[in-house]
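*Asks:* Just so we're aligned, residue 2 is where the sequence shown starts under the working numbering, counting upward by one.
Each residue gets a CB set at the ideal place from its N, CA and C atoms; glycine is no exception.
This is the structure I have questions about; it appears just below.
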Amino acid sequence: MKKPTGSPNRSSRIRFLSLLDSLLSFEKDSAFLPPFSFGGWVFFLAGMVPALIVGWIIFPMVLYSSQPQPMNFNHALHLDPESVDGIEGDTENERCLYCHEFRDDGTFVGIPLLAKCTECHDDPEMPLGETDKEADFLNNYVAAEKEIPWLSYSRQPDCVYFSHIAHVTMGEQDCRVCHGNHAETEKIPAYRANRLTGYPINIWGKNISGYKTDTWERMKMDDCAECHTRNGQEENNECFVCHK
Ligand code: HEC
Ligand code: HEC
Ligand code: HEC
Ligand code: HEC
Ligand code: HEC
């Protein structure tokens with residue numbers, strides 16, 4: 002047999018070039034179409050990009066229903082001593098507890114009832130400020146003696162036991178750690194609930210990838226446990242502590 006002319010590597014170079022050729026061409030009628038060929042990338046991206054848009058943008062939009070709150074409540078105004086006087090306390094938490102009180106048995110009132118508002122807004126004929134919003138509030142609720150049907154942004158499933166006094170008083174946690182800057186807002190956000198579970202978006206977090214930058218962005222089981230571990234409270238990570 003005659004020795005092939007040219008370099009001794011020639012045949013392997015030809016094999017390499019033909020492999021390269023088959024990698025780069027996608028029109029070629031070849032059963033071997035690796036995922037990293039040029040054509041493969043086109044198809045991959047053509048599938049991947051819409052899937053990402055559907056998964057990260059459209060799905061979350063469809064998954065959550067949005068509902069307005071019955072009326073606005075301006076936390077910033079009520080906590081500003083220049084506008085509203087009488088909400089006192091040395092620490093921020095104490096000012097919050099003026100409305101978000103603990104009952105004598107230690108249970109948490111949560112969102113205050115109308116009776117708390119009428120400690121100041123006591124006469125529907127005598128507004129404290131001059132806004133239409135206050136006039137609407139006085140007519141629709143104070144004069145009508147009707148409770149405001151607030152929707153709670155943080156309500157957990159019924160199977161979860163959570164006590165505010167344990168966290169705020171014993172655990173010395175600030176409201177902000179779990180609730181963010183809600184109390185600095187002038188306008189409350191729309192209420193958004195997960196259509197599948199019925200629970201508010203604040204539990205799941207606004208970011209569907211599960212990535213969070215602030216402690217209050219999500220309040221799932223892992224988020225509760227993560228803070229317990231951070232505070233040396235691992236004993237509170239037994240199932241029966243939170244699911245009684
Ligand atoms: C004058 C009474 C009043 C005071 C004082 C007050 N709040 Fe509120 N708070 C309300 C009312 C009314 C709501 C229901 C409307 C809403 O969601 O904002 C509410 C709702 C909230 C919610 C939303 C709870 C949920 O899950 O739906 C948070 C969080 C909150 N307040 C935190 C605070 C913090 C923190 C402070 C202190 C810095 C504070 N509030 C002081 C009246 C008050
Ligand atoms: C400590 C007294 C006090 C309490 C308690 C209080 N308010 Fe007020 N509120 C005021 C005063 C004073 C103003 C007027 C401030 C201004 O316009 O400068 C006001 C204003 C308002 C306004 C008009 C705000 C705007 O943005 O135009 C609304 C609505 C209102 N309060 C609702 C409530 C509700 C609901 C509660 C109960 C959860 C409540 N207030 C509890 C003192 C109070
Ligand atoms: C350790 C985290 C944590 C801290 C600290 C905390 N909260 Fe909450 N808060 C929660 C959770 C969780 C819920 C939902 C509880 C449930 O569904 O039983 C909630 C619910 C609420 C609600 C709604 C209650 C309802 O009836 O739906 C209000 C109002 C509220 N918190 C205000 C406050 C205020 C004001 C403070 C500070 C004094 C505070 N929270 C501190 C985690 C926290
Ligand atoms: C920001 C930190 C933090 C977060 C978030 C947190 N916890 Fe806690 N938790 C604590 C601390 C600190 C204690 C210990 C309180 C004490 O000193 O007894 C505690 C104690 C408890 C206890 C035992 C006290 C009791 O009431 O029986 C339960 C139950 C509990 N947490 C449930 C939860 C649940 C459910 C969540 C999430 C919805 C949660 N915690 C989120 C800090 C946190
Ligand atoms: C620190 C508090 C805490 C502990 C400890 C804990 N859970 Fe949870 N669990 C939660 C909270 C908050 C939720 C609701 C939010 C969520 O789905 O993550 C939940 C939800 C669940 C659910 C889903 C229920 C539903 O209706 O969606 C199951 C199942 C569950 N937990 C089982 C367990 C088991 C099993 C353990 C022990 C290994 C455990 N949990 C320990 C706080 C806790």
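Below 6 Å CB to CB, which residues in the same chain sit around Glu187 once its five sequence neighbours on both sides are set aside?
*Replies:* The residue given as residue 187 occupies position 186 in the sequence shown. Within the same chain, Glu187 has close Cβ partners Asn75, Ala77.
*Asks:* By alpha-carbon positions, which one of Glu227, Ser66, Ile166 ends up nearest to Leu98?
*Replies:* Residue 98 sits at position 97 when you count from the first residue of the sequence shown. Ranking Glu227, Ser66, Ile166 by Cα distance to Leu98 puts Ile166 first.
*Asks:* Within 10 angstroms of the Cβ of Val143, are there 16 or more other Cβ atoms? Answer buried if so, exposed if not.
*Replies:* Against the sequence shown, residue 143 aligns to sequence position 142. Buried.
*Asks:* Any idea what DSSP makes of Arg201, helix, strand or coil?
*Replies:* Position 200 of the sequence shown holds residue 201. Per the sequence presented here, residue 201 reads as Pro, with Arg not at that position. Of the three classes helix, strand and coil, the one that applies to Pro201 here is strand, per DSSP.
*Asks:* Rounded to whole angstroms, what's the CA-CA distance from Ser155 to Val50? Just pull it up for me.
*Replies:* Position 154 of the sequence shown, counted from the first residue, corresponds to residue 155. Position 49 of the sequence shown, counted from the first residue, corresponds to residue 50. When rounded, the distance between both Cα atoms is 33 Å.
*Asks:* Which of the three DSSP states is assigned to Ala238 in this structure?
*Replies:* Against the sequence shown, residue 238 aligns to sequence position 237. For the record, residue 238 in the displayed sequence is Asn; it is not Ala. Helix at Asn238.
*Asks:* Would you kindly work out how many angstroms separate the C-alpha atoms of Asn195 and Ile58, rounded to a whole number?
*Replies:* Reading the sequence shown from its first residue, position 194 is the one you call residue 195. Reading the sequence shown from its first residue, position 57 is the one you call residue 58. Distance between the alpha carbons of Asn195 and Ile58 is about 15 Å.
*Asks:* Which residue comes first and which comes last in the beta strand (DSSP E) that contains Ala144?
*Replies:* Locating residue 144 in the sequence shown gives position 143, counting from the first residue. From DSSP, Ala144 is part of no beta strand (DSSP E); its letter is neither H nor E.
*Asks:* Do Asn94 and Val169 come within 8 Å of each other at the CB atom, strictly closer than that value?
*Replies:* Taking the first residue of the sequence shown as 1, we reach residue 169 at position 168. Taking the first residue of the sequence shown as 1, we reach residue 94 at position 93. For Val169 and Asn94, yes; Cβs fall inside 8 Å.
*Asks:* May I ask you to check if the CB of Cys160 is nearer than 7 Å to at least one heavy atom of ligand 2?
*Replies:* Along the sequence shown, one-based indexing puts residue 160 at 159. No, Cβ of Cys160 sits at least 7 Å from all heavy atoms of ligand 2.
*Asks:* Would you report the Cα separation of Pro1 and Asp175, rounded to the nearest angstrom?
*Replies:* Since the first and last residues shown for the chain are 2 and 245, residue 1 lies out of range.
*Asks:* If you measure between the beta carbons of Leu114 and Glu148, is that distance less than 8 Å?
*Replies:* As a working note, residue 114 is residue 113 in the sequence shown. As a working note, residue 148 is residue 147 in the sequence shown. Contact flag set, yes.
*Asks:* Which same chain residues, not among the five before or five after Gly65, have their C-beta less than 8 Å away from its C-beta?
*Replies:* Taking the sequence shown and counting its residues from 1, one reaches residue 65 at position 64. Going by the sequence as given, residue 65 is Tyr instead of Gly. Excluding sequence positions up to five before and after Tyr65, its CB lies within less than 8 Å of the CB of Arg193, Ala194, Asn195, Arg196, Ile202, all in the same chain and listed in chain order.
*Asks:* Only counting the same chain, and skipping five residues up and downstream in sequence, which positions put a Cβ closer than 6 Å to that of Ser67?
*Replies:* Position 66 of the sequence shown, counting from 1, holds the residue named residue 67. Cβ contact annotation for Ser67 (same chain, cutoff 6 Å, sequence separation greater than five): Ala191, Arg193, in chain order.
*Asks:* Would you list the one or two residues that DSSP bridges to Asn195?
*Replies:* Along the sequence shown, one-based indexing puts residue 195 at 194. BP columns for Asn195 point to Tyr65.
*Asks:* For Asp123, tell me which candidate among Asp133, Val110, Phe109, Phe138 has the shortest Cα-Cα distance.
*Replies:* Residue mapping note: residue 123 aligns to position 122 of the sequence shown, counting from 1. Answer by Cα proximity: Phe138.
*Asks:* Inspect the beta-carbon positions of Ala116 and Pro128 and report whether they are closer than 8 Å.
*Replies:* By one-based count along the sequence shown, residue 116 stands at place 115. By one-based count along the sequence shown, residue 128 stands at place 127. Against a cut-off of 8 Å, the Cβ pair of Pro128 and Ala116 comes out as no contact.
*Asks:* Taking DSSP's pairing of strands, which residues face Phe103 in a bridge?
*Replies:* The residue you call residue 103 lines up with position 102 of the sequence shown. According to DSSP, Phe103 bridges with Phe109.
*Asks:* For Ile189 versus Asn73, is the C-beta distance shorter than 8 Å?
*Replies:* Numbered from its first residue, the sequence shown carries residue 189 at position 188. Numbered from its first residue, the sequence shown carries residue 73 at position 72. Cβ distance < 8 Å, so Ile189 and Asn73 count as in contact.
*Asks:* Anything with a beta carbon under 6 Å from a heavy atom of ligand 1 counts; list them all in chain order.
*Replies:* Phe74, His76, His79, Leu80, Ile88, Glu93, Arg96, Cys97, Tyr99, Cys100, His101, Ile112, Pro113, Trp151, Ser153, Tyr154, Ser155, Cys176, His180, His183, Ala184, Ile189
*Asks:* Quick check on the DSSP output: the alpha helix (DSSP H) that includes Glu135 runs from which residue to which?
*Replies:* Within the sequence shown, the letter at position 134 stands for residue 135. Looking at the DSSP string, the run of the alpha helix (DSSP H) that includes Glu135 is 133 to 138.
*Asks:* Would you say Glu173 touches ligand 2, meaning its beta carbon is less than 7 Å from a heavy atom?
*Replies:* Working through the sequence shown from its first residue, we reach residue 173 at position 172. Every heavy atom of ligand 2 is 7 Å or more from the Cβ of Glu173, so no.
*Asks:* Report the rounded CA-to-CA distance for Met222 versus Thr230, giving the unit in angstroms.
*Replies:* By 1-based counting over the sequence shown, the position of residue 222 is 221. By 1-based counting over the sequence shown, the position of residue 230 is 229. Each residue's alpha carbon lies about 12 Å from the other.
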